[in-house]
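Residue numbers (UniProt numbering): 1 to 311. By construction, the Cβ of each residue, glycine as well, lies at the ideal position given by its N, Cα and C atoms.
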């Protein structure tokens, strides 16, 4: 966009960059670019309240199991086609770094009315921008009004930034944290605004005071098929192993194959404008051919093989 505006002579008069503390040693996550299915796309930074939503993962074999925990993916900060790699922060970690503001042309000074940095947490409805919502915002002043003739650096830190939720990038909704840098300009001159994303993951120990009960479920067709599913637990960590069995109690129809799926179910919106989406994260074939009555099929599914799982 800046290159296109530059051809027209409309590009911003300065270049803004950021470097988070921790540098290349900081962990990073890969985030897929969201695409809305509900009648819109892209991002919009006008936020209002009124959002409710939830996201859950499930083991699908005519039964479901909730997930808990966290995982990370290492990488370098950058951007590729369809995905972005952004720095990762913990829930209690201070968000800090250095911002550099430099005039685009060395011969022209940048006159401003102040420079600000803001830590923002936002829930963005990709199909309904009016219901997007900023749930946290912290503002710091970096510079007083004046002029910049050469590159200038500013340190910033948000030691008490509220990071109550994990970063999430879904089909119709995303929860993102970002640093917003604003260079205030004179009246009738648009401000210069840049946003730099960061990710948040909550790492927690599995609760020991609440036992994870096994899952048992019977499904089938009357007088034709009777199957019993059994999973060893109802709650798993993101790098856990799902262990279970499938019992065929009655088989009177032809079965070609059986598959186990991991699905992510997303509900976004409020009131009558609720959009539900189901995304198949993984599909695992557990049987090929016709079973017989009394047959038992063991299950062992390694969740660490599916990095797209989210809490």
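Item to check | Contacts around residue 298, its chain only, beta-carbon distance under 6 Å, and the 5 residues preceding and following it disregarded | outcome: Only 245 meet the Cβ criterion.
Item to check | residue 283, enclosing beta strand (DSSP E) - first and last residue | outcome: Here the beta strand (DSSP E) through residue 283 covers 273 to 288.
Item to check | Collapsed DSSP secondary structure at residue 24 in the structure displayed | outcome: Collapsing the DSSP output to three states places residue 24 in a helix.
Checklist entry - Going by Cα to Cα distance, which pick from 212, 225 and 220 is closest to residue 231? => result Nearest to residue 231 by alpha-carbon distance, out of 212, 225 and 220, is 212.
Item to check | Extent of the continuous beta strand (DSSP E) run through residue 258 | outcome: 257 to 270 is the span of the beta strand (DSSP E), which, as asked, contains residue 258.
Checklist entry - Measuring CA to CA, which of 294, 84, 193 and 238 is closest to residue 309? => result It is 238 whose Cα lies nearest to the Cα of residue 309.
Item to check | Entirely enclosed alpha helix (DSSP H) segments - the region 176 to 259, minimum 4 residues | outcome: Taking 4 residues as the minimum length, the region 176 to 259 contains no alpha helix (DSSP H) run wholly inside it.
Checklist entry - Near residue 293, which residues of its chain fall below 8 Å by C-beta distance, leaving aside the five closest residues on each side in sequence? => result Only 248, 249, 250 and 251 meet the Cβ criterion.
Checklist entry - Residue range of the beta strand (DSSP E) that residue 156 falls in? => result Start and end: 152 to 158.
Checklist entry - Going by beta carbon distance, what residues of the same chain come within less than 6 Å of residue 304, once the five residues before and after it are set aside? => result Excluding sequence neighbours, residue 304 sits near 239.
Checklist entry - Is the region 204 to 211 in contact with the region 149 to 157, if contact means three or more CB pairs nearer than 8 Å? => result No, the region 204 to 211 does not touch the region 149 to 157.
Checklist entry - Residues in its own chain within less than 7 Å of residue 159 by CB, not counting five upstream and five downstream? => result If we look at residue 159 and ignore the five residues flanking it on each side, its Cβ neighbours are 94.
Checklist entry - Around the Cβ of residue 269, are there at least 16 other Cβ atoms within 10 angstroms (buried) or fewer (exposed)? => result Classification of residue 269: buried, given that the 10 Å Cβ count is 16 or more.
Next on the checklist: Helix, strand or coil, according to DSSP, for residue 11 in the structure here?
Outcome noted: Under the three-state reduction of DSSP output, residue 11 falls in the coil class, being neither helix nor strand.
Checklist entry - Taking DSSP as the reference, what is the three-state secondary structure of residue 142? => result Reduced to three states, the DSSP call for residue 142 is strand.
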